[in-house]
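Enquirer: Okay, handing you the structure first.
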Amino acid sequence: VSAAFSEAPNALEGGNLGWKKASDLPTLFVDALKKTEVGKLTPILRSPNGFHILKLINKKGSSAPLVVEQTHVRHILIKLSEITSESEGRQKLIGIKERLENGTKFEDMAKQYSEDPSANSGGDLGWINPGDTVPEFEKTMKQLNINQISDPIKTPFGWHLIQVLERRSQDMSKESARIQARQQIKMRKSEEAYQDWLQELRDRSFVELRLEDNF
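FYI, in the working numbering the residues of the sequence shown are 76 to 290.
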């Protein structure tokens, strides 16, 4: 039937689109396919390119949970500037670490000396996912034991003291799915807007050509 009646480029292949990600399909198709059982046909769909009937051959997806190790961490940051050199920033943190090892509370030192917005909360950055921080910070954070305080480390932001408070394994499947869904919606909307724009250009060119012919 597809070979006989379809005007799509894949008509001779029986209209087979192969495996497609939801992000690769127009929202119109995705919404219709969500309501369609495997082996069944969608209702007739109308898009800017014409009319369509889709058949859902099969569907697949990953059901494996996405588990990541999160780290609860806090830090003290000394930024580099014209006033504070690299060596001065590092030496300042060495002095702060000595005070911490002698019993001064980390949160008190962070509130007094840290130049990061987290200073007001005692340097607490909350739960950090892999990839949330710059590589230098993440590498040191992974090497620390619970409650251990790092030596001063340098990142593009300045010099840090890092303390790991907790670690946990967290199932991020739902959050990852939400993020991917938002990205897919943005991509589909961009593609649909582009197709609408192309169709508008084609329609406008046709009208202008007809007007020129009339004259």
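C-beta atoms are modelled at their ideal positions from N, C-alpha and C, and glycine is treated no differently.
Pick out whichever of Ala268, Val209, Val148 and Asn177 has its Cα sitting closest to the Cα of Arg242.
Expert: If we check each option's Cα against that of Arg242, Val148 comes out closest.
Enquirer: Just to confirm the assignment, what range does the alpha helix (DSSP H) spanning Lys172 have?
Expert: That run of the alpha helix (DSSP H) goes Glu161 to Glu176.
Enquirer: Based on the DSSP secondary-structure assignment, which residues constitute the bridge partners of Gly125?
Expert: DSSP lists Ser122 as partners of Gly125.
Enquirer: Quick one: residues in its chain with C-beta nearer than 8 Å to the C-beta of Gln145, no 5 flanking neighbours on either side, listed in chain order?
Expert: Excluding sequence neighbours, Gln145 sits near Trp202, Ile203, Asn204, Arg242, Arg243, Ser244 and Gln245.
Enquirer: Would Gly206 be called buried (16 or more neighbouring beta carbons within 10 Å of its own) or exposed?
Expert: Exposed is the call here.
Enquirer: Can you grab the Cα-Cα spacing for the pair Leu152 / Val143, in whole Å?
Expert: Each residue's alpha carbon lies about 26 Å from the other.
Enquirer: Could you work out which residue in Ile224, Lys217, Phe212 and Ser156 is closest to Asn177 when comparing CA atoms only?
Expert: Of Ile224, Lys217, Phe212 and Ser156, the residue nearest in Cα terms is Ile224.
Enquirer: Less than 9 Å between the beta carbons of Leu129 and Glu112, yes or no?
Expert: Result no, Cβ atoms of Leu129 and Glu112 do not sit closer than 9 Å.
Enquirer: So, with DSSP's three-state summary, where would you put Glu146?
Expert: A quick correction: the sequence has Thr, not Glu, at residue 146. Reduced to three states, the DSSP call for Thr146 is strand.
Enquirer: Does the beta-carbon distance from Leu236 to Ile158 come in below 9 Å?
Expert: Not in contact: Leu236 and Ile158 (Cβ atoms no closer than 9 Å).
Enquirer: Kindly list the residues whose CB is nearer than 6 Å to the CB of Ser137, restricted to its own chain and excluding five residues on each side of it in sequence; keep chain order.
Expert: Residue confidence for Ser137 is low, a pLDDT of 49 falling below 50, so the modelled location carries little weight; the figure read from the coordinates is stated next. Within the same chain, Ser137 has no close Cβ partners at all.
Enquirer: Under a Cβ-count criterion, where at least 16 other Cβ atoms within 10 Å of its own Cβ denotes burial, should Val239 be classed as buried or exposed?
Expert: Under this definition Val239 is a buried residue.
Enquirer: What's the call for Gly125, buried or exposed, on a 16-neighbour Cβ count within 10 Å?
Expert: By the 10 Å Cβ count, Gly125 comes out exposed.
Enquirer: State yes or no: is the C-beta of Arg165 within less than 9 Å of the C-beta of Trp272?
Expert: Cβ atoms of Arg165 and Trp272: not closer than 9 Å.
Enquirer: Following the continuous beta strand (DSSP E) through Asp191, name the residue where it begins and the one where it ends.
Expert: Note, Asp191: premise wrong, no beta strand (DSSP E); not H, not E.
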